[in-house]
Every structure is written in structure tokens, then in C-alpha cells.
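**Student:** Counting in my numbering, the sequence shown tops out at residue 708, every number present. Think of the CB as a built atom: it goes at the ideal place given N, C-alpha and C, for glycine as much as any other residue. There's a structure below that I have some questions on.
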Amino acid sequence: METHIGKRQWTISVMTLMVVAIMLVLWNRSFTTTKEAAFQEFSRRQSVLVENTANAIRVFFDEIAWHLKMTAAEDPAGNLDEERARADLQRRFERLSYLGVNDMGVLDADGILRYNVKAPAIEGRDFSYRRYFRTARQRPEAGLVINELIEFKGADVGKKGVIFAVPVVRTDGEGGERERRFGGVIVCTLKVDTLVRRFIAPLRLSDRGFVMLVDDELTILWSPDPAMTGHKLAGVREGTGGSAPLASAMSRDGSGMGEYIFWSYDDRDRIFTDDTEPYLFAYTTVRIGKGWWSIVSSTPTEEVKALLGGYYADQMMLLGVILTVVLAGSSYLLHLSSNQRRLLEREVDSRTRDLKESHERLLTILDGLEAAVYVSDIETHRILFANRYIRDIYGEVVGRLCWRTFHEEHNGPCSHCSNERILAPDGTPRGVHKWEYRSSTDGRWYAVYDRAIKWMDGRMVRLEIAVDITERKTLEEEKLRANRLAAVGRLAAGVAHEINNPLANASLNVQMLKDMLSAAGGSRDVMRKLEGVEKNVDRAAHIASELLDFSRSQRRETVKIDINKVVEDALMAVDYQMEGVEVKRRLALLPPVKGSPERLEQVFVNLLKNSIEAMPDGGEIDVTTRRDGAFVVVEIRDSGVGIGDDDLPRVFEPFFTTKEAGEGLGFGLAISYGIVAEHGGSIAIESGPGSGTTAVVRLPVHETEQEV
Numbered sequence: 001m002e003t004h005i006g007k008r009q010w011t012i013s014v015m016t017l018m019v020v021a022i023m024l025v026l027w028n029r030s031f032t033t034t035k036e037a038a039f040q041e042f043s044r045r046q047s048v049l050v051e052n053t054a055n056a057i058r059v060f061f062d063e064i065a066w067h068l069k070m071t072a073a074e075d076p077a078g079n080l081d082e083e084r085a086r087a088d089l090q091r092r093f094e095r096l097s098y099l100g101v102n103d104m105g106v107l108d109a110d111g112i113l114r115y116n117v118k119a120p121a122i123e124g125r126d127f128s129y130r131r132y133f134r135t136a137r138q139r140p141e142a143g144l145v146i147n148e149l150i151e152f153k154g155a156d157v158g159k160k161g162v163i164f165a166v167p168v169v170r171t172d173g174e175g176g177e178r179e180r181r182f183g184g185v186i187v188c189t190l191k192v193d194t195l196v197r198r199f200i201a202p203l204r205l206s207d208r209g210f211v212m213l214v215d216d217e218l219t220i221l222w223s224p225d226p227a228m229t230g231h232k233l234a235g236v237r238e239g240t241g242g243s244a245p246l247a248s249a250m251s252r253d254g255s256g257m258g259e260y261i262f263w264s265y266d267d268r269d270r271i272f273t274d275d276t277e278p279y280l281f282a283y284t285t286v287r288i289g290k291g292w293w294s295i296v297s298s299t300p301t302e303e304v305k306a307l308l309g310g311y312y313a314d315q316m317m318l319l320g321v322i323l324t325v326v327l328a329g330s331s332y333l334l335h336l337s338s339n340q341r342r343l344l345e346r347e348v349d350s351r352t353r354d355l356k357e358s359h360e361r362l363l364t365i366l367d368g369l370e371a372a373v374y375v376s377d378i379e380t381h382r383i384l385f386a387n388r389y390i391r392d393i394y395g396e397v398v399g400r401l402c403w404r405t406f407h408e409e410h411n412g413p414c415s416h417c418s419n420e421r422i423l424a425p426d427g428t429p430r431g432v433h434k435w436e437y438r439s440s441t442d443g444r445w446y447a448v449y450d451r452a453i454k455w456m457d458g459r460m461v462r463l464e465i466a467v468d469i470t471e472r473k474t475l476e477e478e479k480l481r482a483n484r485l486a487a488v489g490r491l492a493a494g495v496a497h498e499i500n501n502p503l504a505n506a507s508l509n510v511q512m513l514k515d516m517l518s519a520a521g522g523s524r525d526v527m528r529k530l531e532g533v534e535k536n537v538d539r540a541a542h543i544a545s546e547l548l549d550f551s552r553s554q555r556r557e558t559v560k561i562d563i564n565k566v567v568e569d570a571l572m573a574v575d576y577q578m579e580g581v582e583v584k585r586r587l588a589l590l591p592p593v594k595g596s597p598e599r600l601e602q603v604f605v606n607l608l609k610n611s612i613e614a615m616p617d618g619g620e621i622d623v624t625t626r627r628d629g630a631f632v633v634v635e636i637r638d639s640g641v642g643i644g645d646d647d648l649p650r651v652f653e654p655f656f657t658t659k660e661a662g663e664g665l666g667f668g669l670a671i672s673y674g675i676v677a678e679h680g681g682s683i684a685i686e687s688g689p690g691s692g693t694t695a696v697v698r699l700p701v702h703e704t705e706q707e708v
């Protein structure tokens, strides 16, 4: 008998160790696979962001080229009225300077600099030797754009820049004898620092990540550490070899992503230290004349791993629960085996006492878990045990029906609690049944694990463990929304890029036709039709501009701001549309928030415009500000027509609008959602048909103010 019991104990111990080992191996493999998938997804998102930035730069270059083409169409070099030509050139330069252009000039057909906006002292010099001039003279085509990388002389000596050149094409003759000839070149220059400030510097996905701009010779044009700028990427710190693999990959592939060792970046001091660590890199190219630049974005792998901390903790807790049940069960079996001979000799009350103590130990373990755990009768569904987690929420529930306690809206046992899922036809346990549900009591999501076990009295009962996964669900929804916005951003950038060039040609041709018709004293009716075409071209250009604004993902410098002032500025911006609308203000004294006042003003302008448009016959707008803990809350409530139940869930989707065709693209709330998210806040819309609409914006209080 003792030999048989010893073999049974040995078998139980070996099987328990095997189960534990298998579970640990499977858990490790699952976490490793999840980590690799997270790295791949983060790299893909970083690559999409870099590609969107490259597309935005290309569209930015197209916008500069469009202005130059319009200037070339005016032919300032052929204008005999010098004063008017200079005034027209100055006006065009003022538009370009808004884009960051730092100088602009006009060369005549012989390469002589006729006009220069910023340096008139060099007018009259011969620039016919420059490559861009020779190219334009050899190919005098309307719409041709030449750009090349240059190095500035004079005040900005040594700094890099881009020069843009567009030929002036003149047409002589009449009818079929018209001849096109070269009339000069319109040029402008743009500093690399301007591109960095607008597109490169704001491009960061993490606190310790960094961005670099590299030319086609792998020379660092810009990095957050000035000591790195101007050096070769592969040899900036000889002997360490930290950048050689990355430089080799960029030279070979042009665009791509991957994990490479690089020097650690200290964000506080804005320097690269002598230590190295692994980074996730994404890079892509932008064509500059005959060469190219690379945009490089990086994120330390440690920061990506930190994002998995919550998932890791949930998995560890679940593993601990399962191991606890397995070990408790095996300990229970070992206890029975080791005491079988003595239990046979003891009284029934002694055996019952031992079983009860073992049962209470198991309940003590379950009672301390940070998860909802309860045991119910498998036939009657009455609760036999509920741990502290459940008692803190529902009070004492033992003896009550589980479905009536946890799901008040149900009239009977839950469909997902079918006994067939945890019991085989012969009455033995099937194993663990997993499902998810959202609580109707507190609205939180739970991952539920059910299995059948034997109770202390020998009957089969249901053990249910529910783990709160609300944060994971929220992250999944935010990730899905971010992916949709990124995809739409790529589409918007591509569409704007494809539309701008034909629009520029169309606008140029319409202007030429108007000039020709005016010179020939043509029909006024034809002129009106041309003006109608020009108006539609301008509208298409406006649509392309909105697409471009949506595709850009810029981060502006943040400052401490008074949110009440931002709200007042937004009200002032839409004041001209307020006819018949009464505005009521209830602005509380609030601590400052940190952010971009221009971007936040854009959010409130969008919300106010929506409210005004929802009240075509006039109405009331209530603007309220208040503090809610660590957040500042801004509410904008109108008495308009409201939003239907079917439309309300879609209001933040790009391209979704309830306006008539031609009155809007549906970008306003999508852009507002992104801006508020950048500031660490949230935006919600509450509405119903005929009951008006309330927009609630929550923004975090500045950190120093929270500590007060």
C-alpha cells in the first residue's frame, strides 16, 4: 500500500512540474511573439509618419513651385514698367516668405539678374553659368520646375539650402505661326533650417526618440545635437561603430525600417552620450534636384517595451491565477495521497475537517486576487463563494443568483454560461472557457475564465475569474482610430500632391487666355465664362489646401496659456458669423494649461462654426469653462438641430459630414480630435435630434499647477 501511494505521489509531482513547465514555456513564447508584433507595428507606424512627412515636404515644394509659375506667367523681366514689376515681385515674395522662402529674384534671357528682393545691390550680375539657368534655357517649357541643393555665401556662409527655378516662356506671332521662346528665369531660395523647423524637428513619437536629416552623401544636415551636424553618419564618432550598420542600410535601400544600435540620446541636455542602445529606425528619401535627402526617425526599443508593461502585468496575473489553481489542486491531491492510509483509519469527522481546511486555504488564495472570483452551483446558479474584489463592489452576494447579481437586465441564466461549454457529456470538466463582456453596471470590459471544479461537498461547481481589461480595450480602439487617421492622412497628401500640378497649369492657362482676350477686345460673355473657370480652379486649390493641412502632422512649440483667452480669441474669430446668435459666457478662474494657443484656438473655432451652422435661423450658444480635478473643461452648447443617433458615432471620421455637397469636406472634427489628443486631452460630442449639441473638451492642467 505504501509503495502504491509513493508511486502515486511521484506521478502527481512529475505531472505537476510538467504542466508548470509547459505553461511557462507557452507563456514565454506568447509574450515574445506579442513583443515582436508590437515592435513591427510600432516600426510600421513610425515609417508611415516619416513617409507622411516626406509627402508633406513634396507638396510643400509643389506649393512654392506653383507661386513661381504664377510669377513666371506675369513675366516681370519683360515688364517695361520697372516700378510696377518690383511691386508685383515684392507682393509675390511676401506670399512666399510665409512659406519660409528667404529670397527671390528675376534673371532675363541672358542670365543677367534684373531684380532681387532682398539684395538689390547684386542686380546686374551675370548668372548664366549656373546649372539651373542653363537647364531652363535649354528646355524653355511652361510648368518646368528645377531645384537643386546649394551652399549659401555671405551672411549665411556654409549653410545649406534649396534653390527653385522656373523658366519664363514668351509666345510670339499669331494663329498657327505662334513661336515659344525663352524669356528668363524666376528663382527663389529656401534654407534647410526652415524645412527642419516646419517638418523635421516636430517629428518625434517618443520622449527619448530623435530625428535627423541626412543628404545623399550621408552627411548629417541636422540633428538635435549640434555637435553631430556636418559629420558623416558612418564616421561621426570613429572607433565606436555605432552608426555604420544604419549608414550601410540607408545607402543600400534608400527607404526602410529596422532595429540598429546607436548612441543614447539625452533629451534633457539634447546631446548624444558615449553609451549605445538599440533603436527602432524608419527612414525615407525626398528628391532634391539630382540628389536626395533622407528623413530618419528613431525610438528606443526600451520605450516600446514599456508600452507592453500593462499587458505583461495582466498576463503575469493570469498565469499566477492558473498556476495557483494547478498547484493548489496538486497539493490537495498530494495531501490526500500522503494521508490516505491514516485517513482510512480516522473518523469521518476528522476527514471532513481536513477537507474543510484545504478548501478554506484555496478560498483564502482566491480572496486575495486582484480579479473578480466567484463560485456558483452549476445547476441552480446560486453563488457559493465571492472574493473580496466582488464584495467591495456588490456587497455580500453569497446565496444570490449570479445572473441576477451581475447582469440585472437578464431574465434568466446568461447564454454564455451554458454548462455544455465547461462540462463534457459524461459530466467531467472540459477545461477553461474564455469570453469577454462589458458590464452594464460600471461599463468596464472584463476577460472571463470559466471552468468546472469539484466543491468541498463533492458536487460540481462553476469557478469564474474575471480580469478587468478596460485599458487594453481602450488602447485597441485608440490604435484603430490612429491607424484610420494615418491612412487617410497618406491619402490626403497623395491627392493634394496629384491635384496641385494640374491646377497650376489650369490657372496659368486661364490667366493667359484672359490676357489674350482682353488684349484682343474679345467677347465679354467669353470673359465671364473664363472667370467662372478660374473661380472653380480656385475652389479646387482650396480643397487641395485643406487636404494638405489634414495630412501634415506638426508639433508646434508649447507654452503656458490661459484657456479662457483662447476661447475669447476663438469667439472673436467667428464674431462676423454671429448674426442672430446670442452667446452666453460662464468662464471660471482657471490654472494654465500647456499647449499651442493657435492649435487650440483652431479646435474651438471649428466647434463654434459647427454650432453656428446648426442654427441657420439664430439661437443661443453657451460657453462654459471649469476645473475638474487635474483637467480644465471647456463646454460649448448650442440650441441647434442636433445630430442623429446614426451619425453621432461617426462625427470624428475624416470626410464624414452632414452638410450639403460643396459646403465642407468633413475634416473639422477629425483635425480637432487630433489636436486635442496631441495635448493629452479628450473631446466628446453629446447630441440628439432637435435637442442641440454639446461639445466637451478636457485638457490636462500644467504639471506645476497640479502640484500646488
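1. Between which residues of its own chain and Ser687 is the CB-CB distance below 8 Å, once the five residues before and five after are set aside?
2. For Glu83, count neighbouring Cβ atoms within 10 angstroms of its own Cβ and tell me buried if that reaches 16, exposed if not.
3. How far does the beta strand (DSSP E) with Met104 in it reach, from first residue to last?
4. Does the count of Cβ pairs from the stretch 296 to 305 and the stretch 195 to 215 closer than 8 Å reach three?
5. Beta carbon of Ile393, beta carbon of Tyr374: below 8 Å?
6. Based on the DSSP output, what are the partners of Asn501 in its beta bridges?
7. When DSSP labels each residue in this structure, what does Trp455 get in the three-state scheme?
8. Note down the Cα distance separating Asp617 from Glu601, rounded to an integer number of angstroms.
9. Helix, strand or coil, according to DSSP, for Ala630 in the structure here?
10. Comparing C-alpha positions only, which one of Ala38, Val537, Tyr265 sits nearest to Ala227?
11. With DSSP as the reference, label Phe262 as helix, strand or coil.
12. Please state if the CB of Ile365 and the CB of Met460 are separated by a distance shorter than 8 Å.
13. Per DSSP, which one or two residues make a beta bridge with Leu113?
14. How big is the Cα-Cα spacing for Val448 and Glu51?
15. Who are the Cβ neighbours of Met257 in its own chain at under 8 Å, not counting the five residues just before and after it?
16. Can you tell me the Cα-Cα spacing of Lys594 and Pro202, whole angstroms?
17. Find out if the Cβ-Cβ distance for the pair Arg361, Arg382 is shorter than 8 Å.
18. By the three-class DSSP mapping on this structure, what secondary structure does Ser298 have?
19. Would you call Thr53 buried or exposed, if buried means 16 or more other Cβ atoms sit within 10 Å of its Cβ?
20. On the DSSP bridge assignment, give the partners of Cys414 in chain order.
21. Which whole-angstrom value is the C-beta distance of Phe164 and Ala65, which I expect to be below 8 Å?
22. Scan the stretch 160 to 240 and note each continuous beta strand (DSSP E) run of 3 residues or more that stays entirely inside, going in chain order.
23. Looking at C-alpha atoms only, which residue of Leu89, Glu302, Phe272 is the closest neighbour of Thr229?
24. Can you tell me whether Thr71 is buried or exposed? The criterion is at least 16 other CB atoms within 10 Å of its CB, across all chains shown.
25. Go through its chain and collect everything with a Cβ distance to Ala386's Cβ below 7 Å, but skip five positions before and after it.
26. Whether or not the stretch 578 to 585 and the stretch 606 to 620 are in contact is what I'm after, with contact meaning three or more pairs of Cβ atoms, one per stretch, closer than 8 Å; do they touch?
27. Can you give me the C-alpha to C-alpha distance between Pro591 and Val697, rounded to a whole angstrom?
28. Taking the beta strand (DSSP E) that Arg586 falls in, what are its first and last residues?
29. Would you mind giving the Cβ-Cβ distance between Leu96 and His67, rounded to the nearest angstrom? I have them listed as a contact below 8 Å.
30. From which residue to which residue does the alpha helix (DSSP H) around Ser248 run?
31. Let me know the secondary structure DSSP gives Glu653 once reduced to three states.
32. What's the gap between the Cα of Pro429 and the Cα of Glu41?
33. Should Gly105 go down as buried or exposed, given a rule of 16 or more other Cβ atoms within 10 Å for buried?
34. On the criterion of 16 or more Cβ atoms from any shown chain inside 10 Å, does Lys69 qualify as buried, or is it exposed?
35. Less than 8 Å between the C-beta atoms of Gly537 and Ala570, yes or no?
36. Rounded to whole angstroms, what's the CA-CA distance from Lys529 to Lys514? Just pull it up for me.
**Tutor:** Let me spell this out:
1. As a working mapping, residue 687 is identified with position 687 in the sequence shown. Answer for Ser687: Gly642, Ile643, Leu648, Thr693, Thr694, listed in chain order.
2. Here the question's residue 83 lines up with position 83 in the sequence shown. With fewer than 16 other Cβ atoms within 10 Å, it is exposed.
3. Your numbering for residue 104 matches position 104 in the sequence shown. That run of the beta strand (DSSP E) goes 101 to 107.
4. yes
5. On the sequence shown, residue 393 is found 393 positions in, with the first residue counted as 1. On the sequence shown, residue 374 is found 374 positions in, with the first residue counted as 1. Taking 8 Å as the Cβ cut-off, Ile393 and Tyr374 do not qualify as a contacting pair.
6. For the purposes of this step, residue 501 is taken as residue 501 along the sequence shown, with counting starting at 1. According to DSSP, Asn501 bridges with nothing at all.
7. For the purposes of this step, residue 455 is taken as residue 455 along the sequence shown, with counting starting at 1. It is coil, neither helix nor strand.
8. As a first step, residue 617 must be located in the sequence shown, where it is residue number 617. As a first step, residue 601 must be located in the sequence shown, where it is residue number 601. Cα to Cα, Asp617 sits roughly 25 Å from Glu601.
9. For this step, residue 630 is matched to residue 630 along the sequence shown. In the structure shown, Ala630 sits in coil (DSSP, three-state: anything other than H, G, I, E or B).
10. To locate residue 227, count along the sequence shown from 1; it is residue 227. That would be Tyr265, whose Cα lies nearest to the Cα of Ala227.
11. Taking the first residue of the sequence shown as position 1, residue 262 is located at position 262. Strand, per DSSP.
12. In the sequence shown, the residue the question calls residue 460 occupies position 460. In the sequence shown, the residue the question calls residue 365 occupies position 365. No. Outside cutoff.
13. What you label residue 113 is simply residue 113 of the sequence shown in a count that begins at 1. Its beta-bridge partners are Leu107.
14. Here residue 448 refers to the residue found at position 448 when the sequence shown is read from its first residue. Here residue 51 refers to the residue found at position 51 when the sequence shown is read from its first residue. Spanning the two alpha carbons is a distance of roughly 41 Å.
15. Translated into the one-based positions of the sequence shown, residue 257 becomes position 257. Same-chain partners within the cutoff: Ser43, Arg44, Gln46, Ser47, Leu280, Phe281, Ala282, Tyr283.
16. On the sequence shown, residue 594 is found 594 positions in, with the first residue counted as 1. On the sequence shown, residue 202 is found 202 positions in, with the first residue counted as 1. Computed Cα separation, rounded: 16 Å.
17. Working through the sequence shown from its first residue, we reach residue 361 at position 361. Working through the sequence shown from its first residue, we reach residue 382 at position 382. In this structure, Arg382 does not lie closer than 8 Å to Arg361 by Cβ.
18. Position 298 of the sequence shown, counting from 1, holds the residue named residue 298. Strand.
19. The residue given as residue 53 occupies position 53 in the sequence shown. Buried: at least 16 other Cβ atoms inside 10 Å.
20. Looking up residue 414 in the sequence shown gives position 414. Beta-bridge pairing links Cys414 to no other residue.
21. Here residue 164 corresponds to residue number 164 of the sequence shown, with the count starting at 1. Here residue 65 corresponds to residue number 65 of the sequence shown, with the count starting at 1. Right, the Cβ-Cβ distance comes to about 6 Å (below 8 Å), so this counts as a contact.
22. 160 to 172, 179 to 191, 210 to 215, 220 to 222
23. Position 229 of the sequence shown, counting from 1, holds the residue named residue 229. It is Phe272.
24. As a working mapping, residue 71 is identified with position 71 in the sequence shown. Thr71 should be labelled buried.
25. Within the sequence shown, the letter at position 386 stands for residue 386. The residues are Tyr374, Val397, Val398.
26. yes
27. By one-based count along the sequence shown, residue 591 stands at place 591. By one-based count along the sequence shown, residue 697 stands at place 697. Going from the Cα of Pro591 to the Cα of Val697 covers about 15 Å.
28. Here residue 586 refers to the residue found at position 586 when the sequence shown is read from its first residue. That run of the beta strand (DSSP E) goes 581 to 587.
29. Taking the first residue of the sequence shown as position 1, residue 96 is located at position 96. Taking the first residue of the sequence shown as position 1, residue 67 is located at position 67. 5 Å between Cβ atoms; contact.
30. Within the sequence shown, the letter at position 248 stands for residue 248. Its alpha helix (DSSP H) spans residues 244 to 253.
31. On the sequence shown, residue 653 is found 653 positions in, with the first residue counted as 1. Coil at Glu653, not helix or strand.
32. Residue 429 sits at position 429 when you count from the first residue of the sequence shown. Residue 41 sits at position 41 when you count from the first residue of the sequence shown. Cα-Cα distance, rounded: 39 Å.
33. Residue 105 sits at position 105 when you count from the first residue of the sequence shown. Label assigned to Gly105: buried.
34. Along the sequence shown, one-based indexing puts residue 69 at 69. It is buried - the Cβ of Lys69 has at least 16 other Cβ atoms within 10 Å.
35. For the purposes of this step, residue 537 is taken as the residue at position 537 of the sequence shown. For the purposes of this step, residue 570 is taken as the residue at position 570 of the sequence shown. In the sequence as presented, Gly is not what sits at residue 537; that position holds Val. Against a cut-off of 8 Å, the Cβ pair of Ala570 and Val537 comes out as no contact.
36. Taking the sequence shown and counting its residues from 1, the one referred to as residue 529 is at position 529. Taking the sequence shown and counting its residues from 1, the one referred to as residue 514 is at position 514. Straight-line Cα distance between these residues: approximately 10 Å.
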